[in-house]
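Peer 1:
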Amino acid sequence: KIYGRSDPITNFMRDLKRCLYAKADLDELKALIKEGQNLHLHSTEEMKEAVALKKILTLREECKLAMMKDDLKLLQGLMAQAKDMHMMNDIVVLQAADKLDELVAVRDFKLNHPAFKLMRKSEIDEASATKYLFWMMECGYDCLFGLAALSLKNDGGEALNRVLRDEVGIRSSVHRERIVKHIPKAKLQKQDQKGLERFMLSINFSKEDVAKYIKALWTLKFDTMFDLLSCERLELEKLKFKKGHVDSIIMISEGHHSKFATDE
-3 KIYGRSDPIT NFMRDLKRCL YAKADLDELK ALIKEGQNLH LHSTEEMKEA
47 VALKKILTLR EECKLAMMKD DLKLLQGLMA QAKDMHMMND IVVLQAADKL
97 DELVAVRDFK LNHPAFKLMR KSEIDEASAT KYLFWMMECG YDCLFGLAAL
147 SLKNDGGEAL NRVLRDEVGI RSSVHRERIV KHIPKAKLQK QDQKGLERFM
197 LSINFSKEDV AKYIKALWTL KFDTMFDLLS CERLELEKLK FKKGHVDSII
247 MISEGHHSKF ATDE
């Protein structure tokens, strides 16, 4: 002790060791590292350990933030950083890796989705197109056959515009007009006619919806593609088919899809 007071270095080392043991408070650790540098203690083992721990805690915080923001690029960079730091088994890093896999799957799904491609060709920005795609999926209008069926009405695109506004929820009149303009030029998916399930999947019904529809159709003892295409609109609505999917099936059953080019 100096003049009856504790040595500042002793106090600092005590606080630093306590913080290192807790391995939790990043802000406190940063403040202690700065204090240690002011006391010229760079070369001590505790300071070296503190700097290493700061990197670990910083990476964890950045992973949590990137997960909250659904930031794909940031997560990719953080995973590379975690690998270099040998932190791939860290619990937060593992959670971030799972989130990254989920975001990559969503990205790949949307980039290959016909409705998303059509919206990007319509010069709709990626963020809006992504949002609209998932809204379309909720009511079945991600299947281009449904939107194409509406475009065949001789009303200058009014019915299609109304569905995009009221059913899908697209507020931007500019974006709606662009979709209305490009739908008649759309290339519809090639139908796989080898079975009910394959048929529905080929025209872009989701796996979850297909499983639900097959179960519903079986209540009527319908289990073939031809049974499905023989259904009336009211029957499909009673079986809880999404509105866009009903329009798609009716369009195909009536042969109107032949007016559009097919995406091979």
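Residue numbers (the working numbering): -3 to 260.
Idealized CB from N, CA, C, for every residue including glycine.
Owing to the predicted nature of the structure, the values given are computational and were not obtained by experimental measurement.
Return yes when the Cβ of L71 is within less than 8 Å of the Cβ of A62, no when it is not.
Peer 2: Contact flag set, yes.
Peer 1: Taking DSSP as the reference, what is the three-state secondary structure of D259?
Peer 2: D259 falls in the strand class under three-state DSSP.
Peer 1: To the nearest angstrom, how far is it from the Cα of D94 to the Cα of A76?
Peer 2: Going from the Cα of D94 to the Cα of A76 covers about 14 Å.
Peer 1: Taking the alpha carbon of G191 as the point to measure from, which residue in F222, A207, K203, L213 has its own alpha carbon closest?
Peer 2: Per the Cα distances, F222.
Peer 1: Where DSSP assigns a beta bridge to L213, which residues make up the other side?
Peer 2: In DSSP, L213 forms no bridge with anything.
Peer 1: Could you pull the DSSP bridge partners for L184 from this structure?
Peer 2: In the DSSP output, where bridge partners are listed per residue, L184 has T258.
Peer 1: Output the residue ranges of the alpha helix (DSSP H) runs that lie fully inside the stretch 98 to 144 and measure 4 residues or longer, sorted by chain position.
Peer 2: The qualifying runs are 110 to 117, 122 to 135.
Peer 1: For the alpha helix (DSSP H) containing M221, name the first residue and the last one.
Peer 2: Per DSSP, M221 belongs to the alpha helix (DSSP H) from 221 to 225.
Peer 1: P180: which of V89, M84, K69, T258 sits nearest, CA to CA?
Peer 2: Taking only the C-alpha atoms, the option nearest P180 is T258.
Peer 1: With 16 as the cutoff for other CB atoms within 10 Å, does T126 come out buried or exposed?
Peer 2: The residue in question, T126, is buried, as its Cβ has 16 or more Cβ neighbours within 10 Å.
Peer 1: Among the residues of its own chain, which have a CB less than 6 Å from the CB of N157, if the five just before and after it don't count?
Peer 2: Excluding residues within five positions, the ones whose Cβ falls inside 6 Å are R172, V176.
Peer 1: Identify, in the order they occur along the chain, each residue of the same chain with its Cβ nearer than 7 Å to the Cβ of C139, setting aside the five sequence neighbours on each side.
Peer 2: Cβ within range, chain order: I199, N200, F201, G240, H241, S244.
Peer 1: Which residue marks the beginning of the alpha helix (DSSP H) containing D243, and which one marks its end?
Peer 2: Segment 239 to 249, the alpha helix (DSSP H) holding D243.
Peer 1: So what does DSSP say about L148, is it helix, strand or coil?
Peer 2: DSSP places L148 in coil when its eight states are reduced to three.
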